[in-house]
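See below for the structure under consideration.
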Amino acid sequence: MKLSSYTAAFLAAALLTSMTVSETSAAEPAGAAAELPSVNMEATVKAAQIDPRRADDTLTPGAKASVLLVERALRDRNLLDAQWVDGYFGTTTVAAYAKYQKSLGYTGLDANGLPGKTSLAKLGTGRFTVTRTLAPGARVSFGGAVVNARTRDMLAEAERLLGRRLVLDQGSYNPGGDPTSAGTHDGGGVVDVSVQGMSAATRTSVARALRRVGFAAWVRSPQQGDWPWHIHAAAISDTDLSAQAQHQTGDYYLGLNGLANRGPDDGPQVTIRTWEEYRRS
Numbered sequence: 067m068k069l070s071s072y073t074a075a076f077l078a079a080a081l082l083t084s085m086t087v088s089e090t091s092a093a094e095p096a097g098a099a100a101e102l103p104s105v106n107m108e109a110t111v112k113a114a115q116i117d118p119r120r121a122d123d124t125l126t127p128g129a130k131a132s133v134l135l136v137e138r139a140l141r142d143r144n145l146l147d148a149q150w151v152d153g154y155f156g157t158t159t160v161a162a163y164a165k166y167q168k169s170l171g172y173t174g175l176d177a178n179g180l181p182g183k184t185s186l187a188k189l190g191t192g193r194f195t196v197t198r199t200l201a202p203g204a205r206v207s208f209g210g211a212v213v214n215a216r217t218r219d220m221l222a223e224a225e226r227l228l229g230r231r232l233v234l235d236q237g238s239y240n241p242g243g244d245p246t247s248a249g250t251h252d253g254g255g256v257v258d259v260s261v262q263g264m265s266a267a268t269r270t271s272v273a274r275a276l277r278r279v280g281f282a283a284w285v286r287s288p289q290q291g292d293w294p295w296h297i298h299a300a301a302i303s304d305t306d307l308s309a310q311a312q313h314q315t316g317d318y319y320l321g322l323n324g325l326a327n328r329g330p331d332d333g334p335q336v337t338i339r340t341w342e343e344y345r346r347s
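Counting from 1, position 171 in the sequence shown corresponds to residue 237 in my numbering; the numbering is continuous, with no gaps.
Here you go:
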């Protein structure tokens with residue numbers, strides 16, 4: 067049967083419309099379904115260090131949206147009461163995240179309340195993606211002391227800036243190794259740098275270089291505690307930090323000295339950056 071020109075045109079238009087709809091529906095909904103909000107891990111971990119040390123409920127800049135996504139996921143797992151879903155990664159949220167880590171079978175440093183790369187990705191399944199990921203890396207040796215790969219790279223860069231080698235009095239992952247350290251060396255990211263043979267000016271320059279690459283670092287004197295002169299340094303945002311070291315990095319951001327007395331920061335003034343921020347700068 068011969069179709070009229072009108073009928074043929076109508077059928078052609080209908081066929082074209084059908085093809086267009088089927089192609090669109092095959093591609094666009096799949097893309098739309100896969101589009102999830104993202105959690106900035108760097109910002110979230112930073113908030114988890116700073117917020118618990120604040121005297122008020124000021125939010126860590128740039129972290130609110132990511133922290134809210136994490137808190138909502140914890141709430142929906144019945145690990146965090148709805149009243150604490152506020153974008154503030156305070157002690158209650160840290161405790162809730164530690165419970166979540168333990169629910170995954172993690173113990174020790176892997177359940178310290180700081181979001182880790184693997185646990186955060188699992189928490190976000192079907193809810194959010196994770197960007198700007200952090201990882202401490204494997205445990206390695208640096209100058210005869212145990213540190214993780216991230217800390218080793220930070221120390222190596224500080225040495226490059228200084229043009230000198232650094233000797234460690236104490237490394238990381240040393241639970242109970244030095245009672246005067248108050249648990250700061252129990253986890254990763256924390257070292258004590260020897261200052262033997264250094265002048266006061268050199269000690270300050272070393273602390274400055276360590277701060278530049280992402281450590282919360284201070285020159286410690288015998289007048290401050292039961293220890294010899296040394297430089298204490300904690301790698302900001304190392305997800306293996308012990309609870310005590312987490313407190314020190316948070317205090318550093320708040321302009322404090324990292325000691326139990328929470329006095330004013332007595333170290334060289336630099337722009338505070340994490341190792342990842344330093345590498346991007």
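We put the CB at the ideal spot given by N, CA and C, even for glycine.
Going by DSSP in three states, residue 207 sits in which element: helix, strand or coil? strand
On a Cα-Cα basis, can you pick out the residue from 307, 276, 264, 196 that is closest to residue 298? 276
Candidates 281, 335, 198, 150: which alpha carbon is nearest residue 111's? Residue 198 is the option with its Cα nearest to residue 111.
Does residue 149 pass the burial test, meaning 16 or more other C-beta atoms within 10 Å, or should it be called exposed? When all chains shown are included, residue 149 counts as exposed.
Between residue 243 and residue 306, which are expected to be in contact by the criterion C-beta below 8 Å, what is the C-beta distance as a whole number of angstroms? Contact flag wrong, Cβ pair sits at about 16 Å.
Boundaries (first-last residue) of the beta strand (DSSP E) holding residue 215: Premise fails: residue 215 lies in the alpha helix (DSSP H), 215-228, not in any beta strand (DSSP E).
Is residue 102 buried or exposed, if buried means 16 or more other CB atoms sit within 10 Å of its CB? Exposed, by the Cβ-count rule.
Taking 9 Å as the cut-off, decide whether the C-beta atoms of residue 284 and residue 332 are in contact. yes
On the three-state DSSP scale, how would you describe residue 196? Residue 196 falls in the strand class under three-state DSSP.
Taking only the alpha-carbon atoms, compute the straight-line gap between residue 318 and residue 301 and give it to the nearest angstrom. 11 Å
Continuous beta strand (DSSP E) stretch holding residue 261: start and end: Segment: none, residue 261 is in no beta strand (DSSP E) and carries neither H nor E.
Could you spell out where the alpha helix (DSSP H) holding residue 271 opens and where it closes? 266-278
Residue 144 versus residue 190 - alpha carbon distance: 15 Å
Cβ contact check for the region 251-266 and the region 221-240: 3 or more pairs under 8 Å: yes
Distance, residue 287 Cα to residue 296 Cα: 7 Å
Are three or more beta carbon pairs between the region 191-211 and the region 150-169 nearer than 8 Å? Cβ pair count under 8 Å is below three, so no.
Backbone CA spacing between residue 227 and residue 240 [nearest angstrom]: 27 Å
When the distance is taken between beta carbons, is residue 163 closer than 9 Å to residue 196? no
Option nearest residue 204 by Cα separation, candidates 345, 311, 238: 238
Out of curiosity, what's the CA-to-CA distance linking residue 106 and residue 246? 35 Å
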